[in-house]
Structures are given as C-alpha cells and as structure tokens.
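Residue numbers (this note's numbering): 15 to 215.
Contents: one structure, followed by commentary.
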Amino acid sequence: MRKWLAAILYVSGTITAFIYRYDILSWMKEDHPLVLLIGTATLLAMFPVVPYKAVISLFGYAYGSVAGAAICWAATTLAAALMFGGVKYLFKDRARAYLASVPSLAKFTEAVERRPFASVILARLAPVIPQTAVNVYAGAAALPFWNFLAATGIGKIPGIALFAFLGGNALQSPASAVAAILLYLAVLGLAWLGLRSRTFK
15 MRKWLAAILY VSGTITAFIY RYDILSWMKE DHPLVLLIGT ATLLAMFPVV PYKAVISLFG
75 YAYGSVAGAA ICWAATTLAA ALMFGGVKYL FKDRARAYLA SVPSLAKFTE AVERRPFASV
135 ILARLAPVIP QTAVNVYAGA AALPFWNFLA ATGIGKIPGI ALFAFLGGNA LQSPASAVAA
195 ILLYLAVLGL AWLGLRSRTF K
C-alpha cells in the first residue's frame, strides 16, 4: 500500500506542476527567501514538467549566474538524493528483479557496480541522458548512497554552471556565451573520454 501511495503522489505532483507550470515560472522571477527558491527548484527537478535547463537559465537571469547556479546545484542534488532514496527503499526488490530479468541491463549494472562513482559522473555529464532516469536507475541498482551523492554533486557542476551563465549573460555578452559553450564542450569531451575509459575497460 505504501508503494502505491508513493507512486500515486508522484504522478499527482507531476500533473499538478504541469498544470501550473507557467504560474510557477512566473513566481520564480520574483524575489523570495532562499529556502523557498531552493524548494521550488527541487520540486521542478523531481517533477520535470519543464526542461530543467530552462529553469537553470531562468535562475541565472533572475538572480545572477553564481547565485542561480548555486541554488540549482543544491536543488538538483537534493532532488537526486530524495528520488534515489525513494526508489531504493520503497521499490528495491521489484527494481532489482527487473534489472536482473533483462540480460543487457544486468550486464550494464554489473559494470556500473564495479565503478559506481565514475559511472554516475559519466551519466551526469552526458547531456542526452535524462537526469531523473539516472536517479531512478541508481536507486534501483542500490548503488552506495554517498558515492552516488558525491558523484552527482561533481557531475552536475559543468552543465549547471553553463546554463546559469547563459541565463545571466547571454543577452549582454553573446561572445562570452559562445566561449562558455565551447569551454563546456571541451570539458565535457575530455571528462567523457577519461571517465569512459576508466569505467568500462
């Protein structure tokens, strides 16, 4: 019963956030206490009804690149921890059974379990991988929590820094925005090659 209740609450929260997504984004542009801002950013990370890159850019525009990045980093790390814990402790047995039932996933999980820290960083750096999926998968695979949390915090820094910078500076300095994107791509490429060779060799 508890598992079904958690699933129903999550779906209901997603639907509610989607319905009021424009009101939420408008509210975010106003001046609010830090706790409320982090809470709102955390909810939007857990219930991704709008692209989170847009949320980061909006925070960067409204509060400055550094403050916007710090708020979103704290919020996404907190959201990742909550989702990881929810999946791991509420759906652990069912999730593990599913992973084991799919041969390709089982082999992938074995590789990830050998190097959980590097694997999570690699997933966080990859812009094409949905971050909610990373949280759910890590909880299902029962990766070590502190490894997961530390890797999440480190792996999210480049992307969040980039989009917060773009939100705060793209209109004022297009050249700086282009330079930031190129730097991000270079960091991403080097990190991807290094972590990939260490993780799955």
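Backbone N, C-alpha and C define an ideal beta-carbon position, used for all residues, glycine too.
If you're wondering where the values come from, they're calculated on a predicted model, not measured in any experiment.
By the 10 Å Cβ neighbour count, where 16 or more other Cβ atoms means buried, how is LEU180 classified, buried or exposed?
Counting from 1 along the sequence shown, the entry for residue 180 is found at position 166. With 16 or more other Cβ atoms within 10 Å, it is buried.
For VAL134 and THR90, which I take to be in contact (beta-carbon distance under 8 Å), what is that distance rounded to the nearest angstrom? Your numbering for residue 134 matches position 120 in the sequence shown. Your numbering for residue 90 matches position 76 in the sequence shown. The Cβ separation is near 13 Å, so there is no contact.
(Q) Give me, in chain order, the residues of the same chain whose beta-carbon lies closer than 6 Å to that of LEU58; leave out the 5 immediate sequence neighbours on both sides. (A) Position 44 of the sequence shown, counting from 1, holds the residue named residue 58. Contacts found: VAL69.
*asked:* In this structure, how does DSSP classify ASP45 when only helix, strand and coil are distinguished?
replied: In the sequence shown, the residue the question calls residue 45 occupies position 31. Residue state, collapsed to three classes: coil.
**Asked** Do the stretch 48-55 and the stretch 145-163 make contact, defined as three or more Cβ pairs closer than 8 Å?
**Response** no
### Message
Below 8 Å, how does it come out for the stretch 69-84 and the stretch 149-158: are there three or more Cβ pairs, yes or no?
### Response
no
Cα-Cα separation between ILE168 and ASN149, rounded to whole angstroms: Here residue 168 refers to the residue found at position 154 when the sequence shown is read from its first residue. Here residue 149 refers to the residue found at position 135 when the sequence shown is read from its first residue. Cα to Cα, the separation comes out at about 15 Å.
Distance, TYR75 Cα to PHE122 Cα: To locate residue 122, count along the sequence shown from 1; it is residue 108. To locate residue 75, count along the sequence shown from 1; it is residue 61. If I take the Cα positions, the gap works out to 39 Å.
| query | When we look at the beta-carbon of ARG16 and count the other beta-carbons within 10 Å, is it buried (16 or more) or exposed? | reply | Counting from one through the sequence shown, the residue named residue 16 turns up at place 2. Note on ARG16: pLDDT 49, under 50, position unreliable in the model; the coordinate value appears next. It counts as exposed.
query = Hey, how far is the Cα of LEU197 from the Cα of PRO130?
reply = The residue you call residue 197 lines up with position 183 of the sequence shown. The residue you call residue 130 lines up with position 116 of the sequence shown. One C-alpha to the other measures close to 27 Å.
Q.
Buried or exposed for ALA111, going by 16 or more other Cβ atoms inside 10 Å?
A. On the sequence shown, residue 111 is found 97 positions in, with the first residue counted as 1. Under this definition ALA111 is an exposed residue.
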